[in-house]
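Presented below is the structure to which this report refers.
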Amino acid sequence: MNNHWIVINDDELKLTNKVVEFLQGEFCPPDSDPMWSVEYFRWKLGQINPAGAGYISIAILNDKVVGTVSLTKKRLLINGEELIGGEVGDTYSSSSIRHKCRALELSQKDNDPNSYINKSIFGRLASDVRERAEANGISFIYGTPNNNAYPGWVNKLGYFDSKKFQIESFSRPSAKVVIKKYPSLKIFSPVLKKAEKFSVSLQKHIYSSILCKKFTFEPCIPSSEELDKLWIRLKPINGFSLVRDSSYWNHRYLGNPIAKYSFFIIREKKHIAGVVVTRFFLAGEGRRSVYIAEWMKDDKIPMYYLLSEVVNYYRDFDVEVFNFWCDKYVRARGYFSRNMFFFRQRVPIIIADTSFGRLTQNMDGNINFYRGTSDTV
5 MNNHWIVIND DELKLTNKVV EFLQGEFCPP DSDPMWSVEY FRWKLGQINP
55 AGAGYISIAI LNDKVVGTVS LTKKRLLING EELIGGEVGD TYSSSSIRHK
105 CRALELSQKD NDPNSYINKS IFGRLASDVR ERAEANGISF IYGTPNNNAY
155 PGWVNKLGYF DSKKFQIESF SRPSAKVVIK KYPSLKIFSP VLKKAEKFSV
205 SLQKHIYSSI LCKKFTFEPC IPSSEELDKL WIRLKPINGF SLVRDSSYWN
255 HRYLGNPIAK YSFFIIREKK HIAGVVVTRF FLAGEGRRSV YIAEWMKDDK
305 IPMYYLLSEV VNYYRDFDVE VFNFWCDKYV RARGYFSRNM FFFRQRVPII
355 IADTSFGRLT QNMDGNINFY RGTSDTV
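Numbering (our numbering), first residue to last: 5 to 381.
Here you go:
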């Protein structure tokens, strides 16, 4: 058996079927909604991406993919300036050969066979992807690594944990989760679930009929014209955001070939005042989750109203948990507990340590970073 893996920079996506076979086979639970497909990679890394074609490096051992790292181009708005940046993701390597095999050829950036980027599949692929992106003018690269990948990015690959991006994850567990955690309560399951539905409906009634009755919340896909008008009105002058015009929403959510999203429009006197996108996802072991992927709304729309409407919409879907990300310093943060959303953890945002990347640490204004800003949903 060969014990040397080779690196292939597959930006033309010729080996995507092998990539999907590897990722789906090793990292997607069999009873989960699919997480990758050939069409998915063409959608995010191909020319149909409004930001342009991205990059992917893969490791091959015995004609099989054993590691991947990709970089998806994103249209960014940083302190009012539009530019093309990128997000690193799809960072996986096979546990069966990790630390057991070596690269066939050393990196052109480092001729030390014992260096991290020559010994680690993840390190080598991440280094190669970044090198190509920067050579093509990508000066701002970010990612949202998990706990396992985080040390490699910030300690060995030239990324830093951005303290300017203080993003937090909030979750709302359902009665079903509580019963799972405390099996002795199973006998009360029907009562707890009925009580939960009643409280959700009551809260929705209070918000929509009394406190926020000037707004309407409806499941509906907004037109491109409505999205563009909303973006122009809400486009931030300072801080960080993706460019969120109609081409962004249409590509990111309506064009995704593997994930199905639900759009909701918030109107005030029949005029669009906000848009919300969610994803209902079946994870392993039959777990049902709802991710509030992203929203764009007038400040006068209370966040507790938005959350209440979303939770109410899914009250009959047997959801185990609702989740969303938001900036730590968002003004509505103190109201999340009204809707039973509680802080779960900080979401680290890592940034490539370039001169421009460091400059963003002095940004003024809001950080508009949502779960949908990443490719995690």
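In this text, a Cβ means the ideal position worked out from N, Cα and C, and glycines have one as well.
### Task
Out of Asn6, Lys48, Ile354, point me to the one whose CA is closest to Tyr252's CA.
In the sequence shown, residue 252 corresponds to position 248, counting from 1. The candidate whose alpha carbon is nearest that of Tyr252 is Lys48.
### Query
Rounded C-beta distance between Val181 and Val325? I'm assuming under 8 Å.
As a working mapping, residue 181 is identified with position 177 in the sequence shown. As a working mapping, residue 325 is identified with position 321 in the sequence shown. About 6 Å; that satisfies the 8 Å criterion.
### Query
According to DSSP, what are the bridge partners of Gly50?
Residue 50 sits at position 46 when you count from the first residue of the sequence shown. Paired residue(s): none; Gly50 is not in a bridge.
### Nonlocal neighbours in the same chain, by C-beta distance under 6 Å from Lys332, ignoring five residues either side
Locating residue 332 in the sequence shown gives position 328, counting from the first residue. Gln170, Glu172, listed in sequence order.
### Query
What is the DSSP secondary structure of Met300, reduced to helix, strand or coil?
One-based indexing of the sequence shown puts residue 300 at position 296. Met300: strand per DSSP, three-state reduction.
### Query
Are the beta-carbon atoms belonging to Gly162 and Asp357 less than 8 Å from one another?
Looking up residue 162 in the sequence shown gives position 158. Looking up residue 357 in the sequence shown gives position 353. For Gly162 and Asp357, yes; Cβs fall inside 8 Å.
### Query
Is the CB-CB distance between Phe174 and Phe328 below 8 Å?
The residue you call residue 174 lines up with position 170 of the sequence shown. The residue you call residue 328 lines up with position 324 of the sequence shown. Closer than 8 Å, so yes.
### Message
Pairs of beta-carbons, one from the region 121–140 and one from the region 63–79, closer than 8 Å: are there three or more?
### Response
yes
### Query
If Phe345 and Arg176 are in contact, beta carbons under 8 Å, what's the gap, nearest whole angstrom?
To locate residue 345, count along the sequence shown from 1; it is residue 341. To locate residue 176, count along the sequence shown from 1; it is residue 172. Right, their Cβ atoms sit about 5 Å apart.
#### Entry: From Gln51, Val42, Val314, residue whose alpha carbon lies closest to that of Lys18
Along the sequence shown, one-based indexing puts residue 18 at 14. Checking every option, the nearest Cα to that of Lys18 belongs to Val42.
### Query
What's the call for Arg362, buried or exposed, on a 16-neighbour Cβ count within 10 Å?
In the sequence shown, the residue the question calls residue 362 occupies position 358. Classification for Arg362: exposed.
### Task
Consult DSSP for Asn13 and reduce its assignment to one of helix, strand or coil.
To locate residue 13, count along the sequence shown from 1; it is residue 9. Residue state, collapsed to three classes: strand.
### Message
With DSSP as the reference, identify every bridge partner of Ala63, one or two as the case may be.
### Response
If you number the sequence shown from 1, residue 63 lands on position 59. Partner(s): Val11, Gly71.
### Completely contained beta strand (DSSP E) runs for the region 311–343, where each covers 3 or more residues
325–331
#### Entry: Whole-Å CB distance - Ala179 paired with Leu196, under 8 Å assumed
Numbered from 1 along the sequence shown, position 175 holds the residue referred to as residue 179. Numbered from 1 along the sequence shown, position 192 holds the residue referred to as residue 196. Confirmed, about 4 Å.
### Message
Tell me the rounded alpha-carbon separation between Lys384 and Cys216.
### Response
Here the chain comprises residues numbered 5 to 381, so residue 384 is not present and cannot be evaluated.
#### Entry: Three-pair Cβ contact test at 8 Å for the region 253–272 versus the region 108–121
no
### Task
Give me whichever residues DSSP pairs with Tyr211 in a beta bridge.
Sequence index remark: in the sequence shown, residue 211 carries index 207 (1-based). Answer is none; Tyr211 lacks a bridge partner.
### Query
Roughly how many angstroms lie between the CA atoms of Lys274 and Asp322, to the nearest whole one?
To locate residue 274, count along the sequence shown from 1; it is residue 270. To locate residue 322, count along the sequence shown from 1; it is residue 318. If I take the Cα positions, the gap works out to 32 Å.
### Message
Helix, strand or coil, according to DSSP, for Asp132 in the structure here?
### Response
To locate residue 132, count along the sequence shown from 1; it is residue 128. Helix, per DSSP.
### Query
Does the beta-carbon distance from Leu246 to Arg79 come in below 8 Å?
Numbered from its first residue, the sequence shown carries residue 246 at position 242. Numbered from its first residue, the sequence shown carries residue 79 at position 75. Their beta carbons are under 8 Å apart, which means Leu246 touches Arg79 by this criterion.
### Query
Who are the near neighbours of Gly376 in its chain, counting only those whose CB is closer than 6 Å to its CB and skipping five residues on each side?
Indexing the sequence shown from 1 puts residue 376 at position 372. Taken in chain order, the residues that qualify are Ala297, Glu298.
### Task
Helix, strand or coil for Pro306, going by three-state DSSP, please let me know.
Here residue 306 refers to the residue found at position 302 of the sequence shown. DSSP places Pro306 in coil when its eight states are reduced to three.
### Task
Could you tell me the distance, in whole angstroms, from the CA atom of Pro261 to the CA atom of Pro187?
Residue 261 sits at position 257 when you count from the first residue of the sequence shown. Residue 187 sits at position 183 when you count from the first residue of the sequence shown. Rounded to the nearest angstrom, the two C-alpha atoms are 39 Å apart.
### Message
Can you look up Ala263 in the DSSP assignment and give me helix, strand or coil?
### Response
Here residue 263 refers to the residue found at position 259 of the sequence shown. In this structure, Ala263 counts as coil in the three-state DSSP scheme.
### Message
Please classify Pro117 as buried or exposed, where buried requires at least 16 neighbouring CB atoms within 10 angstroms.
### Response
As a working note, residue 117 is residue 113 in the sequence shown. Under this definition Pro117 is an exposed residue.
#### Entry: Spatial neighbours of Leu87 in its chain, beta-carbon cut-off 6 Å, leaving aside the 5 residues before and after
Locating residue 87 in the sequence shown gives position 83, counting from the first residue. Same-chain partners within the cutoff: Leu80.
### Message
Just checking Tyr309 against the ligand PLP - is the residue's beta carbon closer than 7 Å to any of the ligand's heavy atoms?
### Response
Summarising the ligand content, the structure contains no ligands, and the ligand PLP is consequently not present.
#### Entry: Meets three-Cβ-pair contact criterion under 8 Å: the region 28–36 and the region 280–295
yes
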